[in-house]
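A.B. asks: For reference, the structure I am asking about is given below.
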Amino acid sequence: MAKRFLPTVSLLARRSLPSTLQPYSLGLRLHHRSATECPAAVTVTSTSQQAGVVFGKTPTGAVEQGIGISNIPVVTAGSPTNLYVASAEGETGINSIKETGPARSGVAILWDLDNKPPSRSPPFIVAQRLRQVIEEKYGAVKVLAAYGNKSTLHRVPQWAIDEARIEFKATLLDEKENEPADLYRCNVCGAKCRTLVKLQKHVKTLHERDRRKKVNHISSKKKGSKKREKLQTRYAKYLGKYKDAADGLVPQVRYDLEEELTRAMVEVKMVGDHAEAADAALKQHASKLFRLLEQDSEQETTIDCLVLVSDDTGFKKMLHKGRRAGVKMVQVGHKCALRRSADEYISWDSV
1 MAKRFLPTVS LLARRSLPST LQPYSLGLRL HHRSATECPA AVTVTSTSQQ
51 AGVVFGKTPT GAVEQGIGIS NIPVVTAGSP TNLYVASAEG ETGINSIKET
101 GPARSGVAIL WDLDNKPPSR SPPFIVAQRL RQVIEEKYGA VKVLAAYGNK
151 STLHRVPQWA IDEARIEFKA TLLDEKENEP ADLYRCNVCG AKCRTLVKLQ
201 KHVKTLHERD RRKKVNHISS KKKGSKKREK LQTRYAKYLG KYKDAADGLV
251 PQVRYDLEEE LTRAMVEVKM VGDHAEAADA ALKQHASKLF RLLEQDSEQE
301 TTIDCLVLVS DDTGFKKMLH KGRRAGVKMV QVGHKCALRR SADEYISWDS
351 V
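UniProt numbering numbers the first residue of the sequence shown as 1 and each following residue consecutively.
This is the structure we're talking about:
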């Protein structure tokens, strides 16, 4: 928690007082203590006894200057925190104590996608559910970052493939009973077909054989030769059109892990394909959060609870480091090996 200090009495007001009040003015110096040490009251030290000044009475010589000791406020327990000090010329110096809230803290969730991918349900729903479960238990989530390599982010789970096949079959059955209002257009030649089945037959009969001839012609030339490069350039446009046409004749898998997680306000970070790349990046992120906490930072990333979504036992040291730093460590997963190193555990099945 950041420390807040209470200011001293204005130097301008101090200097402007007559010599008879100098001992008293020097006595109105607030203890330079943090608000955490004295949250309910502000103490005042006074040398009035040494100067022969009694609170509420006007010292000798002050009447001639037109200044009464009652004009100088005394801060006691329960008094307002704003100090108003009157100078000899009648000017008012205002030292206001700005009340600042406690250091912003919250929860950080670090997700190891290589170890715990959302393979059973849509990623958007899993991410929303994870945020909801953590916020109900530990408070507002300030950081939600997921780490994975390229193969993890591009992997398509089996449920998404099965869903695409079911949808494709339903489309074919529906077109048998009800002819679609819009015609299908071939991306290669521009021909129009009434149904998707007729378009499949058209592409297979007219364009599939032609495409095979062109691919064989390119393959017959030596790799890296100029003739092969010329053929690739010549047939590139046709092969591109054929690919677009063929893609529309198979079940369309509408699954993008990175896009779905980003839509759920998850910061997705792709790492290299080498071993333990995601683990290293995740540990580095956690170390940064611990360092900000030790430095008593007031940034939004300051946390008091870290949630690790992984079963990788390589994170044991990270969990111990966080606990030593005063951060509550929570593990979300299945295995018991890692949960013993954390303060609390949440089953991945509940998410």
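The beta-carbon is built from N, C-alpha and C at its ideal position, and this holds for glycine as well.
Which runs of the alpha helix (DSSP H), 4 residues or longer, sit entirely within the segment 195–273?
C.D. replies: Qualifying alpha helix (DSSP H) stretches, in chain order: 196–202, 208–219, 226–247, 257–263.
A.B. asks: Is the Cβ-Cβ distance between V107 and Y138 less than 8 Å?
C.D. replies: In this structure, Y138 lies closer than 8 Å to V107 by Cβ.
A.B. asks: Ignore the nearest five residues each way along the sequence and tell me which others in R194's own chain have a CB closer than 7 Å to its CB.
C.D. replies: The answer, listed in chain order, is E179, L183.
A.B. asks: Indicate whether Y242 and V188 have their beta-carbon atoms separated by less than 8 Å.
C.D. replies: Yes, these two residues count as a Cβ contact at 8 Å.
A.B. asks: For N82 and T302, I'd like the C-alpha separation in whole angstroms.
C.D. replies: Any reading at N82 must be qualified, since the residue scores a pLDDT of 42, below 50, and its modelled position is unreliable; no value is offered.
A.B. asks: Taking R212 as the reference, give the member of L239, K230, E276 with the closest Cα.
C.D. replies: The shortest Cα separation from R212 among L239, K230, E276 belongs to L239.
A.B. asks: What are the partner residues of residue 354, as DSSP defines its beta bridges?
C.D. replies: This structure cannot settle anything about residue 354, because the visible part of the chain is limited to 1 through 351.
A.B. asks: My output table needs one value for S350: the three-state DSSP class, helix, strand or coil.
C.D. replies: DSSP places S350 in helix when its eight states are reduced to three.
A.B. asks: Below 8 Å between beta carbons: does that hold for E267 and L144?
C.D. replies: Cβ distance < 8 Å, so E267 and L144 count as in contact.
A.B. asks: So, with DSSP's three-state summary, where would you put G333?
C.D. replies: The answer is strand: DSSP assigns G333 an E or B state.
A.B. asks: Can you grab the Cα-Cα spacing for the pair S105 / S121, in whole Å?
C.D. replies: If you take the alpha carbons of S105 and S121, they lie about 31 Å apart.
A.B. asks: Return the CA-CA distance between D349 and R340, expressed in angstroms with no decimal places.
C.D. replies: The alpha-carbon atoms of D349 and R340 are separated by roughly 18 Å.
A.B. asks: Please state whether DSSP places A342 in a helix, a strand or coil.
C.D. replies: Three-state DSSP puts A342 in coil, outside helix and strand.
A.B. asks: Tell me the rounded alpha-carbon separation between S225 and V215.
C.D. replies: In a straight line, the C-alpha of S225 is about 16 Å away from that of V215.
A.B. asks: The alpha helix (DSSP H) with L308 in it runs from where to where?
C.D. replies: No alpha helix (DSSP H) holds L308; the beta strand (DSSP E) holding it covers 305–309.
A.B. asks: Consult DSSP for K169 and reduce its assignment to one of helix, strand or coil.
C.D. replies: K169 falls in the helix class under three-state DSSP.
A.B. asks: By Cβ distance below 7 Å, which residues in the same chain neighbour A277 in space, the five residues on each side in sequence not counted?
C.D. replies: Around A277: N149, V271.
A.B. asks: How many whole angstroms separate the CB atoms of L306 and L110, which I take to be in contact at a CB cut-off of 8 Å?
C.D. replies: Sure, about 7 Å apart at Cβ, within 8 Å.
A.B. asks: Could you tell me the distance, in whole angstroms, from the CA atom of D114 to the CA atom of K227?
C.D. replies: Whole-angstrom Cα-Cα distance: 43 Å.
A.B. asks: Who does R129 pair with in a DSSP beta bridge?
C.D. replies: In the DSSP output, where bridge partners are listed per residue, R129 has none listed.
A.B. asks: Can you tell which of R254, E344, T171 has the C-alpha that lies nearest to the C-alpha of Q331?
C.D. replies: With distances taken between Cα atoms, Q331 lies closest to E344.
A.B. asks: Would you mind stating whether I318 and K283 have Cβ atoms separated by less than 8 Å?
C.D. replies: Checking the sequence, you will find Met at residue 318 rather than Ile. Yes.
A.B. asks: Do A127 and A246 come within 8 Å of each other at the CB atom, strictly closer than that value?
C.D. replies: Going by C-beta atoms, A246 is not nearer than 8 Å to A127.
A.B. asks: Using the three-state DSSP reduction, which class does K116 fall into: helix, strand or coil?
C.D. replies: The answer is coil: DSSP assigns K116 none of H, G, I, E or B.
A.B. asks: So, helix, strand or coil for R185, using DSSP?
C.D. replies: Looking at R185 - three-state DSSP - the assignment turns out to be strand.
A.B. asks: Kindly indicate which residue of G190, H217, E294 has the alpha-carbon position closest to the one of L206.
C.D. replies: When only C-alpha atoms are compared, the closest one is G190.
A.B. asks: If I measure Cβ to Cβ from A281 and keep anything under 7 Å in the same chain, skipping five residues before and after, which residues do I get?
C.D. replies: Closer than 7 Å at Cβ, skipping near neighbours: Y147, K269, V271.
A.B. asks: Where do the ends of the alpha helix (DSSP H) carrying T302 lie?
C.D. replies: T302 -> no alpha helix (DSSP H), and no H or E assigned at all.
A.B. asks: Whole angstroms is fine: what's the gap from R209's alpha carbon to A160's?
C.D. replies: The alpha-carbon atoms of R209 and A160 are separated by roughly 31 Å.
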